[in-house]
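Chemist:
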Amino acid sequence: MTAATYDKPLPPPNEESRPFWEAMKEHRLVLQKCGACGKVRHYPRPVCDACFSMDTEWMEASGKGQVHSWTISHHAFHPGFKGDLPLVLVIVDLDEGVRMCAQARDLDPEGLRIGLPVRVDFEDATDDLTLPVIRPA
Amino acid sequence: MMTGLRESCCVTGVGETEYTRGSGRSVAALQMEAALRAIADAGLQPGDIDGVIPYGNMEMVAEEFITNLGIEDLRFSAVTPLGGASAVAAIQAATSAIVAGAANHVLIPIGRNGYSGPRIGGRAQAIPQFRVFGEYEMPSGNIAPAQLYAPMARRHMELYGTTSRQFAEIAVTMRNHAMLNDNAVMKKPLTVEDHQNSRMISDPLRLFDCCLESDGAAAVIISGAERAKDLARRPIYIMGVAEGHPDSPSAISQRPDLTKIGLAKAAPRAFAMAGIGHEAIDVAEVYDCFTYTVLCQLEDLGFCQKGEGGDFVSGGRIALGGELPINTHGGLLSQSHIIGMNHVCELVKQLRGDGGKAQVADAEIGLVTGYGDLGDGSIAIMRN
Ligand SMILES: [Zn+2]
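Protein chains in written order, with the numbering used here: chain A, -15 to 121; chain B, 2 to 385.
#1: How about A:Val102 and A:Pro116: do their beta carbons lie closer than 8 Å?
#2: To which residues does DSSP link B:Tyr238 through a beta bridge?
#3: Got a sec: which bits of the region 126 to 144 of chain B sit with their beta carbon under 9 Å from any beta carbon on chain A, in order along the chain?
#4: Taking DSSP's pairing of strands, which residues face B:Glu214 in a bridge?
#5: Sort out for me which residues DSSP pairs A:Pro120 with in a bridge.
#6: Report yes or no: do the region 192 to 199 of chain B and the region 144 to 156 of chain B share at least 3 C-beta pairs separated by less than 8 Å?
#7: Distance, Cα to Cα, B:Arg113 vs B:Gly332?
#8: Less than 6 Å between C-beta atoms, sequence neighbours within five positions excluded: which residues of the same chain meet that for B:Ala90?
#9: Specify the secondary structure class of B:Ile222 as computed by DSSP and reduced to three states.
#10: To the nearest angstrom, how far is the alpha carbon of B:Val12 from that of B:Tyr137?
#11: Please identify, using Cβ separations under 9 Å, the residues of the region 295 to 327 of chain B that lie next to chain A, in order along the chain.
#12: Which residues in chain B sit within 7 Å of A:His59, going by Cβ to Cβ distance?
#13: For B:Glu214, which residues from the same chain have a beta carbon less than 7 Å from its beta carbon, with the 5 sequence-adjacent residues on both sides left out?
#14: Which residues in chain A have a C-beta closer than 7 Å to the C-beta of B:Ala252? List them in chain order.
#15: Determine whether the beta carbon atoms of A:Val24 and A:Glu80 lie at a separation below 8 Å.
#16: Closer than 8 Å, CB to CB, is A:Cys85 near chain B or not?
#17: When the distance is taken between beta carbons, is B:Leu334 closer than 8 Å to B:Val314?
#18: Return the chain-ordered list of same chain residues with a C-beta closer than 6 Å to the C-beta of B:Leu70, the five sequence neighbours on each side being excluded.
#19: With A:Glu44 as the anchor, note down where its beta strand (DSSP E) starts and where it stops.
#20: Using the beta-carbon of each residue, which ones in chain B are nearer than 8 Å to A:Val82?
#21: Where does A:Val72 fall in DSSP's three states?
#22: Which ranges would you report for the alpha helix (DSSP H) in the region 274 to 320 of chain B if only whole runs of at least 4 residues count?
#23: If we count the other Cβ atoms within 10 Å of its Cβ and call it buried at 16 or more, is A:Cys31 buried or exposed?
#24: What would DSSP say about A:Glu0, mapped onto helix, strand or coil?
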């Protein structure tokens, strides 16, 4: 699908986040890592809150994690998602110690529980946008 | 003990419009009517107002109040952009300004056409407070408060055994209170079964776990305690007031403890400033954008331990006649969604003895909270 016909909200990448979205397009999950103390942080931002260094590196994430919490949306709060209901949104504890939130794929809503092992996968939404999705481990 | 702003200021006037679904009036007209009523209630003239704190996320700005109210010399203005925590956070800002000598009488107006006006929907990404999750989560369909807060409720249920029927107890109590109130949008009885049968919006939150969308405005006047004694109404003293921001305020998903919100930081400060314990609270107006947010705030206020909120709200404890009556006006769930300024007005009315059919007998001390955006909190403790 081209961006012209895509009817869902698009991320507005900025200087801090562009490497994340560029890696997504290559189906890679990358996270920011402090260049001084090594603390991993997400979502992308300019300063390490542990040592206040602005020296930032990017690291490959394992894509492995566990379910932290979730919701199953039966109402589309944006017209672009009307055809996708119900929407299973999962918050995942990544093995790297940060979290992310994305739609589930092939996860039985009835079987969701805290600690359920999952993995991050990728879906091309447009020619320019790839979104993370969460699948069973 | 930190006494800070304790009893340095009072609420001297309150004003509310009719609450409706479909006002047929502009937001400016609604807010001006509420402001004029609050000014008259205090026994002041519009020109006496020298400070104003408009709601941050709305078209109304300080200039509109200068023009409409003929204020010759507005000495203080500010905004407190904390979403639903804004109204009570504005009381802290107003009190601070008055104590510092920057103003004598501060007007805090809030009003909206939440039912008949434009929905926030797709514009949410443009709100600065929503920028971060707007970039990383909205593209995946995580858009609205019901979806954002549902995983907080879900985790509470999984960790502590909290149930949807306990959420229902809150919804039913708010409805019963609204039915005593002539200025409430919802007038039909609601049962636990009605709640359980209502459609799922974003699991575990059902339709009757969600607040109303409605039209109307409310306003209060904050004045210094010395000046308050000479005004028209019995002054309602602000004993303690505070705001608090949660960990990871820009993204709920990244919050270390999903079940903890900014109020957990603000409440101990407000109680310490007031110099009272929880047993002194006769009535509480608790921001109820969702049933779960009431349950969570009761824990973070310190009325019970984390995880005990489900039991706390059960058995009639939060109903009129119970141990801690909550939202005697019907709240956002059943009175009207005036972004919590209706809660402030209701607390003042209760402490004046103007609570009508919902009056808590001998109410002397009460509290009001705000909850906004991604977990911001605010609290004011007041006495008569
Ligand atoms: Zn660092």
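Glycine residues also receive a C-beta, built at the ideal position from the N, C-alpha and C atoms.
Modeler: Per the coordinate set shown:
#1: Taking the first residue of the first sequence as position 1, residue 102 of chain A is located at position 118. Taking the first residue of the first sequence as position 1, residue 116 of chain A is located at position 132. Contact: no.
#2: What you label residue 238 of chain B is simply residue 237 of the second sequence in a count that begins at 1. According to DSSP, which records beta bridges pairwise, B:Tyr238 is partnered with B:Cys11 and B:Arg384.
#3: Residues of the region 126 to 144 of chain B with a C-beta atom less than 9 Å from some C-beta of chain A are Gln126, Arg132, Val133, Phe134, Gly135, Glu136, Tyr137, Glu138, Met139, Pro140, Ser141, Gly142, Asn143 and Ile144, listed in chain order.
#4: By one-based count along the second sequence, residue 214 of chain B stands at place 213. In the DSSP secondary-structure assignment, B:Glu214 is not bridged to any residue.
#5: Looking up residue 120 of chain A in the first sequence gives position 136. For A:Pro120, which the question treats as bridged, DSSP gives the partners A:Val102.
#6: The region 192 to 199 of chain B makes no contact with the region 144 to 156 of chain B; the number of CB pairs closer than 8 Å stays below 3.
#7: On the second sequence, residue 113 of chain B is found 112 positions in, with the first residue counted as 1. On the second sequence, residue 332 of chain B is found 331 positions in, with the first residue counted as 1. Approximately 16 Å between the Cα atoms of the pair.
#8: The residue you call residue 90 of chain B lines up with position 89 of the second sequence. If we look at B:Ala90 and ignore the five residues flanking it on each side, its Cβ neighbours are Thr81, Leu83, Glu244 and Ser379.
#9: Position 221 of the second sequence, counted from the first residue, corresponds to residue 222 of chain B. Of the three classes helix, strand and coil, the one that applies to B:Ile222 here is strand, per DSSP.
#10: Reading the second sequence from its first residue, position 11 is the one you call residue 12 of chain B. Reading the second sequence from its first residue, position 136 is the one you call residue 137 of chain B. Cα to Cα, B:Val12 sits roughly 42 Å from B:Tyr137.
#11: From the region 295 to 327 of chain B, no residue has a Cβ closer than 9 Å to chain A.
#12: For the purposes of this step, residue 59 of chain A is taken as residue 75 along the first sequence, with counting starting at 1. In chain order: Ile202 and Ser203.
#13: By one-based count along the second sequence, residue 214 of chain B stands at place 213. So the qualifying residues of the chain are Gly115, Tyr116 and His338.
#14: Here the question's residue 252 of chain B lines up with position 251 in the second sequence. Within chain A, the residues near B:Ala252 are Tyr27.
#15: Counting from 1 along the first sequence, the entry for residue 24 of chain A is found at position 40. Counting from 1 along the first sequence, the entry for residue 80 of chain A is found at position 96. Yes; because the gap between Cβ atoms is below 8 Å, this pair is in contact.
#16: By 1-based counting over the first sequence, the position of residue 85 of chain A is 101. Answer yes: the Cβ-Cβ gap between A:Cys85 and chain B drops below 8 Å somewhere.
#17: Counting from one through the second sequence, the residue named residue 314 of chain B turns up at place 313. Counting from one through the second sequence, the residue named residue 334 of chain B turns up at place 333. Going by beta carbons, B:Val314 and B:Leu334 fall outside the 8 Å limit.
#18: The sequence position of residue 70 of chain B within the second sequence is 69, counting from 1. Take B:Leu70, set aside five residues on each side of it, and the residues of its chain with a beta-carbon closer than 6 Å to its own are Pro47, in chain order.
#19: Taking the first sequence and counting its residues from 1, the one referred to as residue 44 of chain A is at position 60. A:Glu44 -> beta strand (DSSP E) spans Thr40 to Glu44.
#20: Here residue 82 of chain A refers to the residue found at position 98 of the first sequence. Ordered by position in chain B, the residues that pass the 8 Å Cβ test against A:Val82 are Gln255.
#21: Against the first sequence, residue 72 of chain A aligns to sequence position 88. In the three-state reduction of the DSSP assignment, A:Val72 falls in the strand class, which pools E and B.
#22: Within the region 274 to 320 of chain B, the runs of alpha helix (DSSP H) that reach at least 4 residues and sit entirely inside it are, in chain order, 292 to 302 and 310 to 313.
#23: Looking up residue 31 of chain A in the first sequence gives position 47. This sequence places Val at residue 31 of chain A; Cys is not what is there. By the beta-carbon neighbour count (other beta carbons within 10 angstroms, threshold 16), A:Val31 is exposed.
#24: For the purposes of this step, residue 0 of chain A is taken as residue 16 along the first sequence, with counting starting at 1. A:Glu0 carries a coil assignment under DSSP once its states are collapsed to helix, strand and coil.
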